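In our numbering, the protein residues as written are 13 to 1045.
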Amino acid sequence: MGERYISVVLVVLLLFSTAAVLGAGEAPNINVKKMNLAFSTPEITYKDNFIQLSVEGTTTTTHTDGAPMLPVNKVVYEFPMGTTISSVKLVHSPAATMKLPMKIIPSPTPVPLNEEGASSATPMDEKIYNSAVYYPENWFTYKVRVGLNANNERTAFLVVDIYPIRYSPMNDEIQYITDGTLEVNYKEPSTNAFSKSDYDLLIISASSYMDEMQRLADHKESHGIRTKLVSVDDISGTGRDKQEQIKYYIKNAIENWNIKYVLLVGGYRSFFGLDKPELQLPLRYVHLNDGAEDGFVSDLYYSDIYYYDPSSGYAFDDWDSNGNGRFGEWDWYGYDDIDLVPDVHLGRLACRTVKEAKIMVDKIINYESTYSANADWFKKMVAFTGDDFQDQTMLDIQWDVNAVPDGEYTIHAQTTNCDNVKGPVHEVHVTVDHAATSSVTFSETDHLITGRQYPADPVACITVPSEGDVLGNTDVSDPSPAAAYDGDRWTPIQYEGGVLHIMGKAYDPQPQADNHPNGPYTTIEVWITNSVGQTVFGPVDVDSELWFEGEWETEKALDYMPNDFEKVRMWTSNGMFHGSASDPVDGIECVLNQLNDGAGFVYFAGHANPMTWADHYPGIPGGRENSDVAGLYQLNFHLTKPYLPLNTLSNGDKLPVVALSGCHPSAIDCSLMKLLVDPFNSMYTAKSGIWAPECLSWWLTRVENGGSIATLGPTGLGYGMMGEFCTEGVGGWMWPEFFRQYSEEGKDILGEAWTQTLVNYIDEFGPTLDMTDVKTVEEMVLLGDPTLKIGGYSSTFNNGDFSSSDEIKMEVAPGPVLTSRTSFTSDAYSAGNNYQVTTSPLVDKSPVSFMSNGNGAFVVGYTREEQSHSGIVYQDGFAVSDGGVLWKNLLMRNGNDEIVHQHLSYAGTGKYAAGTHYLGIGSNFDIILMHDMTNENSWEVLSYYFPSGAIFDIGRNGCAIGADYFHGGLQYIYAFTIDTSPEYGSLSQVPMFSGSSSNWVSWFPSLENAYNIQMATDYTTHNVLLAFEHSTG
13 MGERYISVVL VVLLLFSTAA VLGAGEAPNI NVKKMNLAFS TPEITYKDNF IQLSVEGTTT
73 TTHTDGAPML PVNKVVYEFP MGTTISSVKL VHSPAATMKL PMKIIPSPTP VPLNEEGASS
133 ATPMDEKIYN SAVYYPENWF TYKVRVGLNA NNERTAFLVV DIYPIRYSPM NDEIQYITDG
193 TLEVNYKEPS TNAFSKSDYD LLIISASSYM DEMQRLADHK ESHGIRTKLV SVDDISGTGR
253 DKQEQIKYYI KNAIENWNIK YVLLVGGYRS FFGLDKPELQ LPLRYVHLND GAEDGFVSDL
313 YYSDIYYYDP SSGYAFDDWD SNGNGRFGEW DWYGYDDIDL VPDVHLGRLA CRTVKEAKIM
373 VDKIINYEST YSANADWFKK MVAFTGDDFQ DQTMLDIQWD VNAVPDGEYT IHAQTTNCDN
433 VKGPVHEVHV TVDHAATSSV TFSETDHLIT GRQYPADPVA CITVPSEGDV LGNTDVSDPS
493 PAAAYDGDRW TPIQYEGGVL HIMGKAYDPQ PQADNHPNGP YTTIEVWITN SVGQTVFGPV
553 DVDSELWFEG EWETEKALDY MPNDFEKVRM WTSNGMFHGS ASDPVDGIEC VLNQLNDGAG
613 FVYFAGHANP MTWADHYPGI PGGRENSDVA GLYQLNFHLT KPYLPLNTLS NGDKLPVVAL
673 SGCHPSAIDC SLMKLLVDPF NSMYTAKSGI WAPECLSWWL TRVENGGSIA TLGPTGLGYG
733 MMGEFCTEGV GGWMWPEFFR QYSEEGKDIL GEAWTQTLVN YIDEFGPTLD MTDVKTVEEM
793 VLLGDPTLKI GGYSSTFNNG DFSSSDEIKM EVAPGPVLTS RTSFTSDAYS AGNNYQVTTS
853 PLVDKSPVSF MSNGNGAFVV GYTREEQSHS GIVYQDGFAV SDGGVLWKNL LMRNGNDEIV
913 HQHLSYAGTG KYAAGTHYLG IGSNFDIILM HDMTNENSWE VLSYYFPSGA IFDIGRNGCA
973 IGADYFHGGL QYIYAFTIDT SPEYGSLSQV PMFSGSSSNW VSWFPSLENA YNIQMATDYT
1033 THNVLLAFEH STG
């Protein structure tokens, strides 16, 4: 056996091969877990002047800005909150070495989505690249955080990044490993500290809004969301200021009531910036200085309650780890280590008046009370965007002017796209005068070439030199022309020693991301003729690359949405998002028209400030001044009506959930007063527009007769990635992930979809996040209700369906609470592979339900009587077969109940199965999800509890389940009889039903003694058929 090497770090957890480790004096719950790793030999590909390395067995790459981009195997493990991790070992093969022909490409650096220019697209961390020390320092890194997971459980997350390659840049050499084993010791808590569950939602409101919030609380209670309402004025006690007192109150609410959702109600001061505590809920500013702004508001402060503590498992996170009274520090004064993962789903209604509070409560109640998830207007997503950044590659075609005589010359350029379509020829006329002083300038006239009408033919535009320039005997150099957007990257002025560096643009202004993957790539041909038409230079062909970032970001989000959604691409490149006839950069009319039509979701990907959202025409023609199309703004500075365009929105109840990217669109600390107190920073810095009376996101949300139902966006500078990396980090990664949570993960509770988006971002770009990633997480705010049921609450039946009989009535009761989600455990019956379910000598009630996956495998749900030492008991469970009546495995669960039922439903070929196991006592029951119906190791048990009230007991005379694959995730509806409470008369059994995507229970108190419930689903139409018998026949 070859030599092995061991790395030891204090925390890493790996699954598989679990074993308990017991030694002298050790507790029996110290566990060891191991994982085997295998990696291929690195493969090299070439990109520009760099190389990229790929390794099979890895899942992502490193993300540190400007550092070498290396393959990573990322593993995320989840444990019950309170778990402590003690140690980890990595035993790996001897490291081999490989010489590299050039430098490894650096990870891209995010760019602010504001009016400022961007830095180089691929800046290199000189400290790393000029060092011979291997990077990363260790073969893996880790971080433990705590918060809510995708199943709404309080969880300890361990994120591990394993690096099969380490790189010595100065030596152009890598070390790599091909296999290894990771081993970790950990200890889970002996008890669940968060098992008590008195409330679901905590509303903390400024005092002036309490009456309106009581209406909201009553509405939430009617949908089974147990709600606690408290005034900010009633919160005191532990804490250095009101913000910390509120955070401690949330902590106590978690520990005493196990709340999962928090709604903050109140904004920043009054509409005019006056200090009125009765209207306010205090903001927490964090001191993260990214070089452009020294801080911003973070509502994550109120949702990130705990951090991982290696001794106790978790502890209160005050966001002031260095204890100097400055929260969320990352600047010259200090650094605070913050957990970041939300411990509650949190949103804010940033109301500044009682009227705004009333508007929002009315909107939420009306939205949730109307089931719209199948409505045409709801099943539509609209994406507004254009071209985010000037990422034009540098052409740099060099013409030696010394080789030609004085005279007039014409520089010609023409671009050909990937479909071999040629665009118009662009010409620039220059004078060569070897005795004259040179005049070489920058100009950008491609907006005149296209007329800003899109889509258009391929564009070629010479930017250096300009029309009429003189190429003489003096040098001219300007590394970044003032009029050029990010000019240092693509169009410096350089005429030295008689050699002219020709710069320009080449791109194809038509949609790229929508079925045109080669759209960013074109070829420009340049040649030069003299005054009589003779070619004196060229032709020279240069490949060009230019990406319309916003298109790729929105297309990624649209791709995630369900296939039955209408997907409206309001892009500048397809001519859908454009200016008006009188002003080609004023596009608000087409935006308002789309919003007024209604949509379930809207995504604005582009640039912003607190007052305005905009993006560019493709290629950013003529620079930002000529291409920046405004889509949303609060105030009409054109002095034409309407002066407040957002107030004209009239989409009524057709309210979208809106993602609004850019810089400061959700800056809830806006105030007119700031213009008087600090006019310079309010108008001329990164916080330009902060003097608006309200931020753009909140204004859009609180519009009375339309707007949005909720808006998400950053309170500070938002960030994007240039070019091909546009969906690989910051906002371009986060926003599509939010829409994926809804469509593919089935997260139709707004706060849960948003929290999981943040958790996944932290996991993906961890274990240790850099400054920009930390800011991206901290600055995002949900302006809306975190318990919002996206699409509204549904009811399988309409009361009108039963109007023919006055005796039949359907009512709605509080829904069930998911109390646990665990792996399926069972004891296999020792009957080998030849056991027949129906051989019981006693009363046999099997099989109850039978299901095939369409691929030759079957599963049966059964109940059967068994003789035990205490008498006859009912055994219940599932049996798995490859066909026929001989079952290869018989699985039993809870064989001690009076009567139990197993019913099965399948959601379509290749989809999940759903199995039910209802207990016949109390108001508890289980749902079993069979991710692979033939592999019980993949099954999960969801345990539900019904609150007290109308439902007295789960009935014993029938149950059924129907499964459906809807919105990209498994949905199920279950039906069974219930015993009603005495207030409804005798303890009669009546039918009821509920569903996984809702928190309602519909039941029929008039249908006594119901039995034989049957149900089926059609997963092509999403229809459910429910049938049962009752005493009336």
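Glycine included, every Cβ here is placed at the ideal spot set by N, Cα and C.
Note that this is a predicted model, so its numbers are computed, not measured.
Query: Can you tell me whether DSSP reads P83 as helix, strand or coil?; Result: strand
Query: Ignore the nearest five residues each way along the sequence and tell me which others in G78's own chain have a CB closer than 7 angstroms to its CB.; Result: P118, S119, T121, P135, M136 and D137
Query: F937 bridges to which residues according to DSSP?; Result: Y956
Query: Around the Cβ of A1028, are there at least 16 other Cβ atoms within 10 angstroms (buried) or fewer (exposed)?; Result: exposed
Query: Would N663 and G599 be called neighbours here (beta carbons separated by less than 8 angstroms)?; Result: no
Query: Taking all protein chains shown into account, do 16 or more other C-beta atoms lie within 10 angstroms of the C-beta of M225, making it buried, or fewer, making it exposed?; Result: buried
Query: In the DSSP assignment, what residue or residues form a beta bridge with S451?; Result: V482
Query: Less than 8 angstroms between the beta carbons of L661 and N608, yes or no?; Result: yes
Query: So, V196 versus V100, is the Cβ gap smaller than 8 angstroms?; Result: yes
Query: Could you give the distance in angstroms between the alpha-carbon of S806 and the alpha-carbon of D311?; Result: 31 angstroms
Query: Let me know if N386 comes out buried or exposed under the rule of 16 or more other beta-carbons within 10 Å of its beta-carbon.; Result: exposed
Query: Quick check on the burial criterion: 16 or more other C-beta atoms within 10 angstroms. Buried or exposed for Y58?; Result: exposed
Query: Hey, how far is the Cα of C682 from the Cα of M746?; Result: 25 angstroms
Query: Buried or exposed, going by whether 16 or more other CB atoms sit within 10 Å of the CB of F328?; Result: exposed
Query: Under a three-way DSSP split, which group does D223 fall into?; Result: helix
Query: Taking 8 angstroms as the cut-off, decide whether the C-beta atoms of V87 and T70 are in contact.; Result: no
Query: Keeping to the same chain, check which residues put their C-beta closer than 8 angstroms to that of P92; ignore five residues upstream and five downstream.; Result: E165, R166, T167, A168, E200, P201 and N204
Query: Once you ignore the five residues that flank T769 on each side, which residues in its own chain have a CB closer than 7 angstroms to its CB?; Result: M746, E749, F750 and Q753
Query: As an exercise, report each continuous beta strand (DSSP E) stretch of at least 3 residues that is fully enclosed by the segment 750-796, in chain order.; Result: 792-795
Query: Is the segment 351-368 in contact with the segment 314-327, if contact means three or more CB pairs nearer than 8 angstroms?; Result: yes
Query: Does DSSP put I317 in a helix, in a strand, or in coil?; Result: coil
Query: Give me the DSSP bridge partner(s) of L295.; Result: DSSP, once it has assigned bridges, lists no residue as partnering L295.
Query: Could you tell me the boundaries of the alpha helix (DSSP H) in which H441 lies?; Result: From DSSP, H441 is part of no alpha helix (DSSP H) but of the beta strand (DSSP E) over H438 to V444.
Query: Using only CA atoms, which one of F613, V123 and V953 lies nearest to P574?; Result: F613
Query: Relative to the alpha-carbon of L49, which residue among E68, D60 and A425 has its alpha-carbon at the smallest distance?; Result: E68
Query: Taking just the CA atoms, how far does L558 sit from V488?; Result: 27 angstroms
Query: For P748, does the three-state DSSP call read helix, strand or coil?; Result: helix
Query: Distance check for Y188 and P80, CA to CA, integer angstroms please.; Result: 15 angstroms
Query: Output the distance between the C-alpha atoms of C430 and E149, rounded to the nearest integer angstrom.; Result: 43 angstroms
Query: Can you check which of these residues, A1022, G463, V544 and Y198, is closest to A593 by C-alpha distance?; Result: G463
Query: Tell whether a beta-carbon distance below 8 angstroms holds between V444 and V476.; Result: no
Query: Does the Cβ-Cβ distance between T534 and P470 come in under 8 angstroms?; Result: yes
Query: Mark W344 as exposed unless 16 or more other C-beta atoms lie within 10 angstroms of its C-beta, in which case mark it buried.; Result: exposed
Query: Locate the beta strand (DSSP E) running through W411, then write down its first and last residues.; Result: I409 to D412
Query: Looking at C-alpha atoms only, which residue of L684, A722 and E637 is the closest neighbour of A671?; Result: A722
Query: Buried or exposed: which applies to L286, given that a residue is buried once 16 or more other Cβ atoms fall within 10 Å of its Cβ?; Result: exposed
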